[in-house]
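Throughout, our numbering is defined as the position within the sequence shown, counted from one, plus 366. Glycine included, every Cβ here is placed at the ideal spot set by N, Cα and C. Input: a single structure, listed below in structure tokens.
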Amino acid sequence: MGTEQFFIDEQADFYQYLVDKNAFKKHQTYRDYITRLRYVSQFYRLDKSITKERVDYIIEDLKKTIPLRERYNSPSGVRDIGSGLRKFLEYAQSDYRKQLDDSIIQEEDAVLKNKNIDATEKESILKSRIGQGVFRQHLIDYWKGCSVTDCVTTPFLVASHIRPWRKSDNKQRLDVFNGLLLIPNLDKLFDRGYISFGDDGKIICSDFLSVKDKKILGVHDSMRLKHVGELHLPYLRYHRESCFL
367 MGTEQFFIDE QADFYQYLVD KNAFKKHQTY RDYITRLRYV SQFYRLDKSI
417 TKERVDYIIE DLKKTIPLRE RYNSPSGVRD IGSGLRKFLE YAQSDYRKQL
467 DDSIIQEEDA VLKNKNIDAT EKESILKSRI GQGVFRQHLI DYWKGCSVTD
517 CVTTPFLVAS HIRPWRKSDN KQRLDVFNGL LLIPNLDKLF DRGYISFGDD
567 GKIICSDFLS VKDKKILGVH DSMRLKHVGE LHLPYLRYHR ESCFL
């Protein structure tokens with residue numbers, strides 16, 4: 367495995383960490399940070415084992431090798447990379463996945479303790495987090511199969527929220543317009559932010575999804591949602607602005 371793969375394994379979580387922290391004002395800045403670290407990861411291993419000492423070493427080494435690079439070959443370029451490395455160090459030391467799991471548990475607990483919701487609705491809301499129950503059945507009834515492909519074998523399909531469950535209120539968690547029914551490869555790519563969809567339903571592929579992986583996973587630029595209703599639009603916009611890499 368090349369050194370770049372170590373960062374690729376972390377980049378979706380790192381991106382969401384930055385978004386959750388509301389680290390930057392401009393959406394493009396989040397992608398810029400990923401781009402810089404993808405470049406650096408070709409030469410240095412970037413994963414959760416990273417330390418401050420390792421970050422300092424990489425920055426100093428980048429300064430020494432400025433004349434040898436075609437990109438980021440200026441002091442300002444190295445400073446930009448250094449900023450990205452320090453953010454990645456914060457992420458690596460934050461135990462982000464545990465924090466994410468804890469926040470989901472807190473959300474579930476809040477649903478259970480909500481006295482304004484009856485037991486049946488509570489069950490529906492909690493089951494919707496894993497794409498089950500009433501939420502899944504409503505998506506099956508609405509889409510009649512995969513939202514993108516011709517697959518109609520529902521046991522193969524995954525019920526997925528467009529605006530993530532943890533970022534939705536209880537009404538949004540059960541809203542059929544906040545859901546897609548997808549074959550597993552598309553669901554995973556959508557969930558991890560490697561694909562999204564425009565207001566016209568046309569697929570949008572992240573620059574961080576390689577041509578090779580697109581081919582292997584059966585993704586092509588002519589894909590689109592079978593239909594898009596007016597009520598889908600706010601959810602799709604949220605996904606593009608807050609989830610899409």
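Report yes if the C-beta distance between residue i and residue j is below 7 Å; otherwise report no.
i: G450; j: R402; result: yes
i: H605; j: I528; result: yes
i: F574; j: L611; result: yes
i: S513; j: L591; result: yes
i: R532; j: I470; result: yes
i: I496; j: N536; result: no
i: V385; j: S608; result: yes
Kindly indicate the opening and closing residues of the beta strand (DSSP E) around residue i.
i: G545; result: G545 to L548
i: I470; result: Run containing I470: none in the beta strand (DSSP E); it sits in the alpha helix (DSSP H), Y462 to K479.
i: H527; result: V524 to H527
Distance check for residue j and residue i, CA to CA, integer angstroms please.
i: S562; j: D587; result: 11 Å
i: L548; j: T519; result: 11 Å
i: D467; j: Q538; result: 20 Å
i: Q465; j: A378; result: 15 Å
i: R437; j: G443; result: 8 Å
i: L428; j: L412; result: 14 Å
i: Y601; j: F543; result: 8 Å
i: P441; j: R420; result: 19 Å
i: N551; j: K430; result: 42 Å
i: I424; j: Y396; result: 21 Å
i: K568; j: M589; result: 6 Å
i: Q408; j: E596; result: 43 Å
i: D541; j: G584; result: 29 Å
i: C517; j: S572; result: 24 Å
i: K493; j: K510; result: 20 Å
i: P433; j: R445; result: 15 Å
i: K392; j: D553; result: 27 Å
i: Q459; j: G368; result: 23 Å
i: D375; j: K414; result: 10 Å
i: D461; j: A389; result: 17 Å
i: Q382; j: S534; result: 16 Å
7 Å is my cut-off, CB to CB: does residue i come that close to chain C?
i: V444; result: No chain C is present in this structure, which holds just one protein chain.
Kindly indicate the opening and closing residues of the alpha helix (DSSP H) around residue i.
i: E426; result: K418 to K430
i: P600; result: L599 to S608
i: I491; result: A485 to S494
i: L412; result: L412 -> no alpha helix (DSSP H), and no H or E assigned at all.
i: A378; result: T369 to D386
i: D507; result: G499 to W509
i: R435; result: It is not in any alpha helix (DSSP H) - R435 carries neither H nor E in the DSSP assignment.
i: D398; result: H393 to V406
Tell me, which residues are paired with residue i by DSSP?
i: R590; result: K568
I'd like to confirm something about residue i: is its beta-carbon nearer than 6 Å to some heavy atom of the ligand FMN, or not?
i: Y405; result: No copy of the ligand FMN appears in this structure; indeed no ligand is present at all.
Ordered list of alpha helix (DSSP H) runs contained in the segment 529-576, each at least 4 residues
Restricted to the segment 529-576, the alpha helix (DSSP H) segments that are unbroken, complete and at least 4 residues in length are 536-540 and 550-557, listed in chain order.
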